[in-house]
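Participant: The structure under discussion is supplied below as structure tokens; questions concerning it will follow.
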Amino acid sequence: MAYPSQLGLQDATSPIMEELMNFHDHTLMIVFLISSLVLYIITLMLTTKLTHTSTMDAQEVETIWTILPAVILILIALPSLRILYMMDEINNPIITVKTMGHQWYWSYEYTDYEDLCFDSYMIPTNDLKPGDLRLLEVDNRMVLPMELPIRMLISSEDVLHSWAVPSLGLKTDAIPGRLNQATISSNRPGLFYGQCSEICGSNHSFMPIVLEMVPMKCFETWSVSMI
Amino acid sequence: MLPRAAWSLLMRTGGLGTRGTHSPGGTAGSQRKRISPYVDCYAQRSYPMPDEPFCTELTEEQRALKEKEKGSWAQLSQAEKVALYRLQFHETFAEMNHRSNQWKTVMGCVFFFIGFTALVIWWQRVYVFPEKVVTLTDERKAQQLQRLLDMKSNPIQGLAAHWDYEKKEWKK
């Protein structure tokens, strides 16, 4: 999850998130270059004593500053589209988990083998144990096996929500009447936090998501205990 | 002429640029390259040689001085040269380029409003904001940090990456 004085993105827990971090570095570098160039030119404009009152046209520089932004946009678009298509690649998930957004909690359904369904409510601040994170802990975490691709089907029972886990690079809208698919694949075990990312009413900020990625044995023990 | 002079004094930025002011003599038949006529009658740093002199109605003395100017300039005294300059031009370069004290007023207002904002924020802290949440006490924050380190959150470049698990201290 996010930690104090964090400046950048959370560490990547899935390969897609690693790709997204690299893309973010690339795009941010372009943004910094453009911004510093513009800032430099503005300071030059404001601190010169020279004047030129009879400019009519400037065909050469106009051509450059039309073609160059188009080239820069292509340089941004190509990696972006590459990652977009990479997200939808076939990856043979081992299980499918469904999550439904409600006002104001998430419910999870593991129905491939048995019928395991449960709700996941945020723990109120007054009920937190020492060390728990305010507005992020839930009573029933979503437990999943690590290092394996898992299909998520995300939908909603009432209004729009969005199921997001930043360290896995996931954010998928939960739309009533529609099934959206995402793929989870975690590189390491641990707890990964996220929050609802589409305004859904008064408690929109109070319906978090917690993923607990564990070895397969632990996952099997847990799912047996939950049924 | 006179209204423009008063307006220019108010603006203090070299006067109103009046577009479409044609210099006397017209544009037809003029072969040499003209500086744009988008200035008023006073000289500016970017347009140092206006078409018309500053004073067009001369007294008797001034007319005599203009006659003397037609002769050798070595015979003009310093005062006469200055008087001729003042006839021709509205201001010297030093006068037209001089800095103002406007920045002091601006900075003063900026600091005043920053101070006023600080007072407003202080008042808010005392009279408006509710009690802080229990999780913001130092003890609870330390426990949360310990839990984050125990669960190895962000172990690659983030929080847990800076903690030395062997020595139980932050990495140097």
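Residue numbers (my numbering), protein chains in the order written: chain A, 977 to 1203; chain B, 4 to 175. Glycine included, every Cβ here is placed at the ideal spot set by N, Cα and C.
Could you tell me if Phe-114/B is buried or exposed, where buried requires 16 or more neighbouring beta carbons within 10 angstroms of its beta carbon?
Facilitator: Reading the second sequence from its first residue, position 111 is the one you call residue 114/B. Its Cβ having fewer than 16 others within 10 Å, Phe-114/B is exposed.
Participant: Residues of the stretch 1110-1122 of chain A in Cβ contact with chain B at a cutoff of 7 Å, in chain order, please.
Facilitator: Arg-1110
Participant: What does DSSP give as the partner residue(s) for Val-1119/A in the beta ladder?
Facilitator: Position 143 of the first sequence, counted from the start, is the residue given in the question as residue 1119/A. Glu-1188/A, per the DSSP bridge assignment.
Participant: Would you give the residue range spanned by the beta strand (DSSP E) that Tyr-1084/A belongs to?
Facilitator: Residue mapping note: residue 1084/A aligns to position 108 of the first sequence, counting from 1. 1081-1086 is the span of the beta strand (DSSP E), which, as asked, contains Tyr-1084/A.
Participant: If you measure between the beta carbons of Ala-1158/A and His-1137/A, is that distance less than 8 Å?
Facilitator: Along the first sequence, one-based indexing puts residue 1158/A at 182. Along the first sequence, one-based indexing puts residue 1137/A at 161. For Ala-1158/A and His-1137/A, no; Cβs fall outside 8 Å.
Participant: Quick check on Ser-1096/A: does DSSP put it in helix, strand or coil?
Facilitator: As a working mapping, residue 1096/A is identified with position 120 in the first sequence. In the structure shown, the three-state DSSP call for Ser-1096/A is strand.
Participant: Does the beta-carbon distance from Phe-1195/A to Val-1114/A come in below 8 Å?
Facilitator: Mapped onto the first sequence, residue 1195/A falls at position 219. Mapped onto the first sequence, residue 1114/A falls at position 138. Going by C-beta atoms, Phe-1195/A is not nearer than 8 Å to Val-1114/A.
Participant: State the beta-bridge partners of Lys-1147/A as determined by DSSP.
Facilitator: As a first step, residue 1147/A is located in the first sequence; it is residue number 171 there, counting from the start. Lys-1147/A pairs with Ala-1140/A.
Participant: Hey, is Arg-102/B's beta-carbon within less than 8 Å of any beta-carbon in chain A?
Facilitator: Position 99 of the second sequence, counted from the first residue, corresponds to residue 102/B. By this cut-off, Arg-102/B is not an interface position.
Participant: Given a cut-off of 8 Å, decide if Met-1128/A and Val-1073/A are closer than it, judged by their beta-carbon atoms.
Facilitator: In the first sequence, residue 1073/A corresponds to position 97, counting from 1. In the first sequence, residue 1128/A corresponds to position 152, counting from 1. Taking 8 Å as the Cβ cut-off, Val-1073/A and Met-1128/A qualify as a contacting pair.
Participant: Do Gly-1145/A and Ser-990/A have their C-beta atoms within less than 8 Å of each other?
Facilitator: The sequence position of residue 1145/A within the first sequence is 169, counting from 1. The sequence position of residue 990/A within the first sequence is 14, counting from 1. Cβ distance < 8 Å, so Gly-1145/A and Ser-990/A count as in contact.
Participant: What does the alpha-carbon distance come out to for the pair His-25/B and Ala-97/B?
Facilitator: In the second sequence, the residue the question calls residue 25/B occupies position 22. In the second sequence, the residue the question calls residue 97/B occupies position 94. Residue placement at His-25/B is flagged as unreliable, the pLDDT there being 47, under the threshold of 50; the coordinate-derived value follows with that caveat. For His-25/B and Ala-97/B, the distance between alpha carbons rounds to 28 Å.
Participant: Considering only their Cβ atoms, is the gap separating Ile-1185/A from Leu-1092/A smaller than 8 Å?
Facilitator: Mapped onto the first sequence, residue 1092/A falls at position 116. Mapped onto the first sequence, residue 1185/A falls at position 209. Their beta carbons are not under 8 Å apart, which means Leu-1092/A does not touch Ile-1185/A by this criterion.
Participant: For Pro-133/B, go through chain A and note every residue whose CB falls closer than 7 Å to its CB, in chain order.
Facilitator: Locating residue 133/B in the second sequence gives position 130, where the first residue counts as 1. Neighbours of Pro-133/B in chain A, taken as residues whose beta carbon is under 7 Å from its own, are absent, since the nearest beta carbon is some 13 Å off.
Participant: Tell me the DSSP secondary structure of His-25/B in three-state form.
Facilitator: The sequence position of residue 25/B within the second sequence is 22, counting from 1. The predicted position of His-25/B is uncertain, since its pLDDT is 47 and thus under 50; a value taken from the coordinates is nonetheless stated next. Coil.
Participant: How is Asn-1179/A classed by DSSP in three states: helix, strand or coil?
Facilitator: Translated into the one-based positions of the first sequence, residue 1179/A becomes position 203. Asn-1179/A falls in the coil class under three-state DSSP.
Participant: Please classify Pro-1121/A as buried or exposed, where buried requires at least 16 other C-beta atoms within 10 Å of its C-beta.
Facilitator: The sequence position of residue 1121/A within the first sequence is 145, counting from 1. The residue is buried, with at least 16 neighbouring Cβ atoms inside 10 Å.
Participant: Glu-172/B by DSSP, collapsed to three states: which one?
Facilitator: What you label residue 172/B is simply residue 169 of the second sequence in a count that begins at 1. Of the three classes helix, strand and coil, the one that applies to Glu-172/B here is strand, per DSSP.
Participant: Looking at chain B, is there any beta carbon in it that lies within less than 8 Å of the beta carbon of Leu-1167/A?
Facilitator: Looking up residue 1167/A in the first sequence gives position 191. Chain B contact via Cβ: present.
Participant: Using a Cβ-Cβ cut-off of less than 8 Å, list which residues of the stretch 999-1012 of chain A approach chain B; keep chain order.
Facilitator: none
Participant: For Pro-1152/A, does the three-state DSSP call read helix, strand or coil?
Facilitator: In the first sequence, the residue the question calls residue 1152/A occupies position 176. In the structure shown, Pro-1152/A sits in a strand (DSSP, three-state: E or B).
Participant: In the DSSP assignment, what residue or residues form a beta bridge with Ser-1030/A?
Facilitator: Here residue 1030/A is taken as the residue at index 54 of the first sequence, counted from 1. DSSP, once it has assigned bridges, lists no residue as partnering Ser-1030/A.
Participant: According to DSSP, what are the bridge partners of Thr-1075/A?
Facilitator: Start at 1 with the first residue of the first sequence, and residue 1075/A comes out as number 99. In DSSP, Thr-1075/A forms a bridge with Tyr-1084/A and Ile-1130/A.
Participant: Should Asp-987/A be flagged as near chain B, meaning a C-beta pair shorter than 8 Å?
Facilitator: The residue you call residue 987/A lines up with position 11 of the first sequence. So, interface residue.
Participant: Helix, strand or coil: how does DSSP classify Ile-1050/A here?
Facilitator: For the purposes of this step, residue 1050/A is identified with residue 74 of the first sequence, where counting begins at 1. In the three-state DSSP reduction, Ile-1050/A falls in the helix class (H, G or I).
Participant: Less than 8 Å separating the beta-carbons of Gln-91/B and Pro-56/B?
Facilitator: Translated into positions along the second sequence, residue 91/B becomes position 88. Translated into positions along the second sequence, residue 56/B becomes position 53. Contact flag set, yes.
Participant: Short check: CB of Gln-160/B to CB of Leu-1109/A, under 8 Å?
Facilitator: Position 157 of the second sequence holds residue 160/B. Position 133 of the first sequence holds residue 1109/A. With contacts defined by Cβ atoms closer than 8 Å, Gln-160/B and Leu-1109/A do not form a contacting pair.
Participant: Answer yes if the stretch 1030-1040 of chain A comes into contact with the stretch 1083-1102 of chain A, meaning at least three C-beta pairs across the two stretches below 8 Å, and no otherwise.
Facilitator: no
Participant: What is the DSSP secondary structure of Asp-167/B, reduced to helix, strand or coil?
Facilitator: Against the second sequence, residue 167/B aligns to sequence position 164. If DSSP states are grouped into helix, strand and coil, Asp-167/B belongs with the strands.
Participant: Quick one: residues in its chain with C-beta nearer than 6 Å to the C-beta of Glu-995/A, no 5 flanking neighbours on either side, listed in chain order?
Facilitator: The residue given as residue 995/A occupies position 19 in the first sequence. Closer than 6 Å at the Cβ level, and outside the excluded window around Glu-995/A, lie Ile-1059.
Participant: Answer yes or no: do Lys-1147/A and Ser-1131/A have a C-beta to C-beta separation smaller than 8 Å?
Facilitator: As a position in the first sequence, residue 1147/A is number 171, starting the count at 1. As a position in the first sequence, residue 1131/A is number 155, starting the count at 1. Going by C-beta atoms, Lys-1147/A is not nearer than 8 Å to Ser-1131/A.
Participant: Cα separation between Pro-1069/A and Glu-1123/A?
Facilitator: Here residue 1069/A refers to the residue found at position 93 when the first sequence is read from its first residue. Here residue 1123/A refers to the residue found at position 147 when the first sequence is read from its first residue. Pro-1069/A and Glu-1123/A: Cα-Cα distance of roughly 11 Å.
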